[in-house]
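Asks: Please read through the structure below; I'll follow up with questions.
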Amino acid sequence: MRFEDIKDKIEGLTYIGKGWRGIIYKGFFEGKEVAVKVARSEEKEYAIRKEAKILERLKGYPYFPKILLSGEDFFMYEFINGVPIDELELSQEEKLKIYSQVLDIAFLLDSLKINRDEFSRLDKNLLIGQDGTVYLLDFDRGSLDVKKTHNFTQFLQFLKKEGIISDEQAISFGKLYKSNPEEAYKNVKSVLDSAIQTST
Numbered sequence: 001m002r003f004e005d006i007k008d009k010i011e012g013l014t015y016i017g018k019g020w021r022g023i024i025y026k027g028f029f030e031g032k033e034v035a036v037k038v039a040r041s042e043e044k045e046y047a048i049r050k051e052a053k054i055l056e057r058l059k060g061y062p063y064f065p066k067i068l069l070s071g072e073d074f075f076m077y078e079f080i081n082g083v084p085i086d087e088l089e090l091s092q093e094e095k096l097k098i099y100s101q102v103l104d105i106a107f108l109l110d111s112l113k114i115n116r117d118e119f120s121r122l123d124k125n126l127l128i129g130q131d132g133t134v135y136l137l138d139f140d141r142g143s144l145d146v147k148k149t150h151n152f153t154q155f156l157q158f159l160k161k162e163g164i165i166s167d168e169q170a171i172s173f174g175k176l177y178k179s180n181p182e183e184a185y186k187n188v189k190s191v192l193d194s195a196i197q198t199s200t
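Residues 1 to 200 (the working numbering) are what the sequence shown spells out, left to right.
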């Protein structure tokens with residue numbers, strides 16, 4: 001199935017943006033508000049199919065688009081009503097609470113052997129829902145069933161840049177993560193929890 005085969009069944013189809021590999025539309029399909037990501041060219045179709053496979057693997061977990069349908073050059077997911085993090089004016093406490101959720105996401109993806117490859121920065125692919133839930137989009141650079149994951153360690157670099165952990169802590173947590181991921185995760189979670197308490 002290709003996007004052209006299903007396009008007419010999507011009501012109110014509207015263009016909302018594009019990236020390197022895909023064009024994003026939104027509309028209504030079978031009564032649900034949906035977003036559709038379509039490959040920009042034939043060469044980009046592989047990346048779109050790979051991203052669809054990753055989202056299939058993430059079905060049932062919070063934080064990610066809920067995929068509904070996929071084809072050779074597109075996939076469809078439930079539309080997420082959220083705001084990109086870089087468009088919000090957040091207090092330090094609000095930022096830290098979001099970072100705590102992102103830590104959960106990084107650890108979850110590592111445990112599922114999925115690399116996303118962009119955890120050292122947070123940009124427009126991180127949406128914040130009206131209830132404060134974090135949603136992570138755009139896995140077209142991601143990889144499934146990797147032997148060496150690095151979402152968590154990349155996020156340590158982000159926390160270091162933000163001044164939440166020191167160079168020494170980043171190195172220490174990174175080393176611990178190699179031998180005991182669960183313990184390293186708990187330690188970083190504790191640092192963020194303490195920072196949230198201090199910021200209130």
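Ideal placement from N, C-alpha and C gives every residue a C-beta, glycine not left out.
Hey, Phe107 and Tyr185: beta-carbon distance below 7 Å or not?
Replies: Position 107 of the sequence shown holds residue 107. Position 185 of the sequence shown holds residue 185. Closer than 7 Å, so yes.
Asks: Can you tell me the Cα-Cα spacing of Ser91 and Ile164, whole angstroms?
Replies: On the sequence shown, position 91 is the one that residue 91 refers to. On the sequence shown, position 164 is the one that residue 164 refers to. Spanning the two alpha carbons is a distance of roughly 15 Å.
Asks: Under the three-state reduction of DSSP, which class applies to Thr14: helix, strand or coil?
Replies: Here residue 14 corresponds to residue number 14 of the sequence shown, with the count starting at 1. In the structure shown, Thr14 sits in a strand (DSSP, three-state: E or B).
Asks: By the three-class DSSP mapping on this structure, what secondary structure does Lys26 have?
Replies: Counted from its first residue, the sequence shown places residue 26 at position 26. It is a strand residue.
Asks: Assuming contact is defined by CB atoms lying nearer than 7 Å, are Ser143 and Asn115 in contact in what I supplied?
Replies: By one-based count along the sequence shown, residue 143 stands at place 143. By one-based count along the sequence shown, residue 115 stands at place 115. Yes; because the gap between Cβ atoms is below 7 Å, this pair is in contact.
Asks: Are the region 1-13 and the region 25-42 touching, with three or more C-beta to C-beta distances below 8 Å?
Replies: Yes, the region 1-13 touches the region 25-42.
Asks: Looking only at its chain, what residues have a beta carbon closer than 7 Å to the beta carbon of Leu88, apart from the 5 residues adjacent to it on each side?
Replies: To locate residue 88, count along the sequence shown from 1; it is residue 88. These residues qualify, in order along the chain: Ile128.
Asks: Considering only their Cβ atoms, is the gap separating Lys66 from Glu78 smaller than 7 Å?
Replies: Working through the sequence shown from its first residue, we reach residue 78 at position 78. Working through the sequence shown from its first residue, we reach residue 66 at position 66. Their beta carbons are under 7 Å apart, which means Glu78 touches Lys66 by this criterion.
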